[in-house]
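Q: First, the structure itself, so that you have it in front of you.
2 protein chains.
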Amino acid sequence: MTMTPTRGSDSGHRGGRRTAISEATVARLPLYLRVLTSLAESGVSTVSSDVLAEAAGVGPAKLRKDLSHLGSYGTRGVGYDVDFLVYQISRALGLTQHYSVVIIGVGNLGQALAGYGGFGTRGFKVAGLVDSDRSRVGSVIAGVEVRHVDELEQIVAEHDVSIGVIATPASAAQDVCERLVGAGVTSVLNFAPVVLSVPAGVDVRKVDLSIELQILAFHEQRKSLVEQETA
Amino acid sequence: MTMTPTRGSDSGHRGGRRTAISEATVARLPLYLRVLTSLAESGVSTVSSDVLAEAAGVGPAKLRKDLSHLGSYGTRGVGYDVDFLVYQISRALGLTQHYSVVIIGVGNLGQALAGYGGFGTRGFKVAGLVDSDRSRVGSVIAGVEVRHVDELEQIVAEHDVSIGVIATPASAAQDVCERLVGAGVTSVLNFAPVVLSVPAGVDVRKVDLSIELQILAFHEQRKSLVEQETA
DNA sequence: ACCGTTTTGTGCACTTCTTCACAAGCGCGT
DNA sequence: ACGCGCTTGTGAAGAAGTGCACAAAACGGT
Chain A
1 MTMTPTRGSD SGHRGGRRTA ISEATVARLP LYLRVLTSLA ESGVSTVSSD
51 VLAEAAGVGP AKLRKDLSHL GSYGTRGVGY DVDFLVYQIS RALGLTQHYS
101 VVIIGVGNLG QALAGYGGFG TRGFKVAGLV DSDRSRVGSV IAGVEVRHVD
151 ELEQIVAEHD VSIGVIATPA SAAQDVCERL VGAGVTSVLN FAPVVLSVPA
201 GVDVRKVDLS IELQILAFHE QRKSLVEQET A
Chain B
232 MTMTPTRGSD SGHRGGRRTA ISEATVARLP LYLRVLTSLA ESGVSTVSSD
282 VLAEAAGVGP AKLRKDLSHL GSYGTRGVGY DVDFLVYQIS RALGLTQHYS
332 VVIIGVGNLG QALAGYGGFG TRGFKVAGLV DSDRSRVGSV IAGVEVRHVD
382 ELEQIVAEHD VSIGVIATPA SAAQDVCERL VGAGVTSVLN FAPVVLSVPA
432 GVDVRKVDLS IELQILAFHE QRKSLVEQET A
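Here the protein sequences line up with chains A and B, keeping their order. First residue of the first sequence: 1, per the numbering used here; consecutive thereafter. First residue of the second sequence: 232, per the numbering used here; consecutive thereafter.
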C-alpha cells in the first residue's frame, strides 16, 4: 500500500475526486444514492446533510465527510442539490458505465436475483443466466434465457461480463468461481456459504444469510443477558 | 448510545467471556464457526490458527485475537480443539439457545430463504411464513404452511419469535417492520432495499444486493482506471 | 529431567474510521 | 450594503480495528 496521499494537489480536474475514497465511505455511497433517488422521485430538489443523514440512518458529520471525499458539491447555508448529487455519486461509483452480470445457479435464489429490479435501474445488466441442471436450461426468467453452465466462458466473452454472481449450492461455488476468474471476470458476488479463494486482483464480496442471523442471535442473547442482570 | 462497557469484571465465570466482544469480532465468529464445522466433518480434530485463518480468509493474528476474546481455549504448541471451539463459539454467539424466525414475504426471495438449509443446523427455526397475497396462503414451503400476514402478531406470540426476516417489496417493508416491533420482535433482518426506522433497542441488519453490486462496480472502475494510468 | 520446536495469547505501534466543534461561505431580508 | 441565520467542509481528537513480534506455555524426543 505505497500510496502518496494526494495532498492538496487539486491539479486540473476541478471538482474531481480530491482524496482517495475510503472503503467505509464506498460502502455507504450506494445507500445515499438510493435515498437520494427516492427523494428525487418525491420531488425534493435540495436536501441538507441533516435530513439526508436522518433518512440514510447515519450521523450528519459522517455523511458530510463522506460526500466531501468526492468533491465540494454542497452549498453552504442551503444544502445539496439532489439531482446533481445523484449524478456525482453515480459517477464516483462507476455507475455511469454499464456492467454486465452473469448469474450462476437458477434455484430460488438465482431466480430472485434475476427478477430483482435493482439491476436495470443502476447500470447493471443481466447478460446471462446459467445452471448446471439441463432441465432448467431453455426456460426464460426475467426475460433472459437460461443456458447451460458449460457455456459460461462463452457468455462472459460475448457480453464482456465483469461481475459474476454465484447463487449455486456451496459445493459448486469454488469451481464456478474458478471458471469465472479463468474467463476473465474480476469481481464476484458470492451467495454460497463458503469462503472462496481467488487470485490477487479479483474482488469477492459475500452475502450470507446465516452469518447475518448469527450476528442477530448474538445481540438477542446480549439483550436477554442484560435484562437478566438488570432485574 | 449510553453504554457502560463492562470493564474488566471477570468476576466468577472462569473461562467465560473475558472482554466485551467487539462488533468486528462478532461479525467474524460465524465465519470461523462454519469453517470449523466443515473441518470437523472432514475428521480434523485439531487446528492451528494459521490453518484456520487461511481457511477463513483472515490473518492469523486477527483470528487469535478474536478467539482470545472468548477465553483461552487453545493449547500452545498444539492449536485449537475443533469440537470444543465449535461449542465455545456457538455459545458466545448465543446459538446454544433456539431462536424462532418468521419470514415475511414468500416471493422468490422468501422461498429461497425458507428453503435455505442453514436455518435448522444452527439453532434457528422457521416458525412462520407469511404473505399478504391470499393466493399464496395455504401453500406449504419447506414444510411450513404459508399464513396470511394478518396473523403475524399471533404467530410471533405463539412461537415466541425473536427474529423477523423481511423479504417483501420495498413498499411494504416499513409497515411490516413496525408490526414486527409492535408484536415484540427485537431483531430484524431486512432484505428490502429501504432504510428501516425502528425504536432504540431493536437491531436491524440489512442485506442488499444492489449495494453489494455497486461496491463491486466501484472497484471494477478503479481497476480499469489504474490499468489505464499504468499504460 | 531437560531442551528444542511449535503455537498460543497479547502488549504495542499503526492505521482506519468516527465524532466533535467551529470557521468559512452562502443567501435572504432589510 | 450589511448583518444574521443557516449549512457545509474540515482539522483535530477520540475510538475502534489491525498487524507485528515476542514472551509464555505445552508437547515430544532423548
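No residue lacks a Cβ here, since even glycine has one placed at the ideal position from N, Cα and C.
Which parts of the region 275 to 312 of chain B are runs of the alpha helix (DSSP H), unbroken and 4 residues or longer, counting only runs that do not cross its ends?
A: Counting whole runs of 4 or more residues, the region 275 to 312 of chain B contains the alpha helix (DSSP H) stretches 280 to 287, 291 to 299.
Q: Flag this pair as touching only if the region 322 to 333 of chain B and the region 274 to 294 of chain B have three or more C-beta atom pairs under 8 angstroms; answer yes or no.
A: No, they do not touch.
Q: What's the call for L456 of chain B, buried or exposed, on a 16-neighbour Cβ count within 10 Å?
A: Exposed, because fewer than 16 other Cβ atoms sit within 10 Å of the Cβ of L456 of chain B.
Q: Can you check whether the C-beta of D391 of chain B is within less than 8 angstroms of a C-beta belonging to chain A?
A: Judged by the 8 angstroms Cβ criterion, D391 of chain B is not in contact with chain A.
Q: Give the range of the beta strand (DSSP E) segment to which V26 of chain A is assigned.
A: Segment 23 to 41 is the alpha helix (DSSP H) holding V26 of chain A; no beta strand (DSSP E) there.
Q: Should S187 of chain A be labelled buried (16 or more other beta-carbon atoms within 10 Å of its own) or exposed?
A: Under this definition S187 of chain A is a buried residue.
Q: Give me, in chain order, the residues of the same chain whose beta-carbon lies closer than 7 angstroms to that of L344 of chain B; leave out the 5 immediate sequence neighbours on both sides.
A: So the list reads I334, V396, A398, once near-sequence residues are dropped.
Q: Can you pull the chain B residues whose beta carbon is under 9 angstroms from the beta carbon of R122 of chain A, in chain order?
A: In chain order: S441, L444, Q445, A448.
Q: Roughly how many angstroms separate the alpha carbons of Y116 of chain A and Q228 of chain A, rounded to a whole number?
A: Those two C-alpha atoms are separated by around 42 angstroms.
Q: Any beta carbon of chain B sitting closer than 8 angstroms to that of P60 of chain A?
A: Chain B contact via Cβ: absent.
Q: For S253 of chain B, verify whether its CB is less than 7 angstroms away from any heavy atom of the ligand ADP.
A: The ligand ADP is not among the ligands present in this structure, which contains no ligands whatsoever.
Q: Which whole runs of the alpha helix (DSSP H) in the region 338 to 388 of chain B are 4 residues long or more, in chain order?
A: Segments of the alpha helix (DSSP H) lying fully in the region 338 to 388 of chain B: 339 to 346, 349 to 352.
Q: Taking DSSP's pairing of strands, which residues face Y87 of chain A in a bridge?
A: Y87 of chain A pairs with nothing; no bridge assigned.
Q: Just tell me which of A:G182, A:Q174, A:G138 has its CA closest to the CA of Q154 of chain A.
A: Minimum Cα distance to Q154 of chain A is reached at A:G182.
Q: Interface residues of chain A around A258 of chain B at Cβ under 8 angstroms?
A: Those are I211, I215, listed as they occur along chain A.
Q: Within the 8 angstroms Cβ cut-off, does Q154 of chain A reach chain B?
A: Output row for Q154 of chain A: interface = no.
Q: By Cβ distance, which residues of its chain are closer than 6 angstroms to V438 of chain B, with the 5 residues on each side in sequence left out?
A: The residues are F422.
Q: When you compare the region 254 to 269 of chain B with the region 310 to 323 of chain B, are there three or more beta-carbon pairs, one atom per stretch, that lie closer than 8 angstroms?
A: Judged by Cβ distances under 8 angstroms, the region 254 to 269 of chain B makes contact with the region 310 to 323 of chain B, as three or more pairs qualify.
Q: Please tell me whether V278 of chain B and Y311 of chain B are closer than 8 angstroms, where the distance is taken between their beta carbons.
A: In this structure, Y311 of chain B lies closer than 8 angstroms to V278 of chain B by Cβ.
Q: Any Cβ of chain A within less than 8 angstroms of the Cβ of P430 of chain B?
A: Judged by the 8 angstroms Cβ criterion, P430 of chain B is not in contact with chain A.
Q: Pick helix, strand or coil for V194 of chain A, following the three-state DSSP scheme.
A: Three-state result, V194 of chain A: coil.
Q: What does V140 of chain A touch in chain B if you count any residue whose Cβ is under 9 angstroms from its own?
A: Simply none; closest approach about 15 angstroms.
Q: So with Cβ pairs under 8 angstroms, would you call T168 of chain A a contact of chain B?
A: No, no contact with chain B.
Q: Is any beta-carbon of chain B found at less than 8 angstroms from that of D53 of chain A?
A: Position check: residue 53 of chain A holds Ala in this sequence, whereas Asp was assumed. No - not a single Cβ of chain B is within 8 angstroms of the one on A53 of chain A.
Q: With burial defined as no fewer than 16 other Cβ atoms inside 10 Å of the residue's Cβ, what is the status of E463 of chain B: buried or exposed?
A: Absent from the model: residue 463 of chain B. The displayed extent of chain B is 232 to 462, so no value can be given.
Q: What did DSSP end up calling D406 of chain B once you bin it into helix, strand or coil?
A: Here D406 of chain B sits in helix by DSSP.
Q: Would you kindly report the start and end of the unbroken beta strand (DSSP E) that includes D434 of chain B?
A: From DSSP, the beta strand (DSSP E) with D434 of chain B extends over 434 to 437.
Q: Kindly list, in the order they appear in chain B, the residues whose Cβ is closer than 7 angstroms to that of Y116 of chain A.
A: The contacting residues are L440.
Q: On the DSSP bridge assignment, give the partners of L420 of chain B in chain order.
A: According to DSSP, L420 of chain B bridges with B:V396, B:R436.
Q: Does D434 of chain B come within less than 8 angstroms of chain A when only Cβ atoms are used?
A: Closer than 8 angstroms to some Cβ of chain A, the Cβ of D434 of chain B qualifies, so yes.
Q: Which residues does DSSP pair with I334 of chain B in a beta bridge?
A: Note: I334 of chain B sits in a beta bridge opposite B:L360, B:V396.
Q: Given that Y304 of chain B touches chain A, what residues does it touch there, using C-beta distances under 8 angstroms?
A: Correct list: empty, because the minimum Cβ distance to chain A is about 17 angstroms.
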